[in-house]
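Numbering (this note's numbering), first residue to last: 50 to 249.
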């Protein structure tokens with residue numbers, strides 16, 4: 050099989066592969082399971098391989114480059130104009146194959162595992178920060194029901210809540226005060242987590 054350019058439509062379990070030879074004629078069109086993709090490419094001579102940017106693209110690009118192939122990633126919006134008919138896995142793989150060979154195509158830089166680890170850190174930090182905000186905002190509203198309005202800002206909120214709960218012991222029932230304290234402790238734990246991520 051004399052394949053020079055291939056397009057892979059990445060998916061969760063089954064990938065569509067479309068390959069052409071030097072003359073541009075189709076020499077490969079098949080579906081491949083996740084476990085069989087890399088072994089299949091290990092048996093092939095070096096070629097240009099295109100993929101659309103998605104969650105698994107950087108992993109597969111690194112692996113395919115490790116096998117000696119010239120693996121490249123493209124933004125899906127740059128591939129779309131090359132799709133000749135309806136959107137399905139086979140047509141997507143064909144469009145990717147066509148797009149990767151264009152001399153003016155813009156490619157996405159393949160990220161190293163270290164770069165992806167930093168992205169994971171940023172994403173996890175944002176999730177934890179969102180959780181913290183999701184705890185603080187409703188708590189503010191609940192405190193208002195007891196006549197407690199704390200200054201804006203999470204730092205003021207966290208540090209002014211305990212003394213306010215003590216000062217208003219007669220106005221806020223024990224159950225509510227205990228729950229407010231528990232949530233404030235969870236907010237403190239999230240603060241500590243975020244601080245640890247910031248030190249990475």
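Think of the CB as a built atom: it goes at the ideal place given N, C-alpha and C, for glycine as much as any other residue.
Simplified DSSP assignment, three categories, for residue i
i           : result
residue 249 : coil
residue 201 : coil
residue 238 : helix
residue 114 : helix
residue 221 : coil
Cβ separation of residue i and residue j, assumed to be a contact under 8 Å, to the nearest whole Å
i           : j           : result
residue 69  : residue 146 : 6 Å
residue 243 : residue 174 : 6 Å
residue 65  : residue 139 : 5 Å
residue 121 : residue 149 : 6 Å
residue 259 : residue 203 : Since the displayed the chain opens at 50 and closes at 249, residue 259 lies outside it and no answer follows.
residue 199 : residue 210 : 6 Å
residue 73  : residue 144 : At roughly 14 Å, the Cβ-Cβ gap does not stay under 8 Å, so residue 73 and residue 144 are not in contact.
residue 63  : residue 93  : That pair is no contact at about 19 Å.
residue 110 : residue 159 : 4 Å
residue 67  : residue 83  : Not really, about 17 Å apart at Cβ, beyond 8 Å.
residue 240 : residue 207 : 7 Å
residue 214 : residue 201 : Residue 214 to residue 201, Cβ: 19 Å. No contact.
Buried versus exposed call for residue i [16 or more other C-beta atoms within 10 Å across all chains shown]
i           : result
residue 169 : exposed
residue 54  : buried
residue 107 : buried
residue 128 : buried
residue 96  : buried
residue 186 : exposed
residue 233 : buried
residue 171 : exposed
residue 247 : exposed
residue 310 : Here the chain has residues from 50 to 249 only, and residue 310 is not among them.
residue 142 : buried
residue 179 : exposed
residue 58  : buried
> Which ranges does the beta strand (DSSP E) cover as unbroken runs of at least 3 residues, wholly within the region 174–199, from first to last along the chain?
Replying inline: None, since the region 174–199 contains no complete beta strand (DSSP E) of that length.
>> Please give the ranges of any beta strand (DSSP E) in the region 64–96, keeping only runs that are unbroken, at least 3 residues long and fully inside the region.
In response: 75–82
> Which runs of the alpha helix (DSSP H), 4 residues or longer, sit entirely within the region 105–171?
Replying inline: 106–115, 125–128, 138–149
>> Under 8 Å, with one C-beta from each stretch per pair, do the region 86–101 and the region 123–137 reach the 3-pair mark?
In response: Proximity of the region 86–101 to the region 123–137 meets the contact definition, three or more beta-carbon pairs being nearer than 8 Å.
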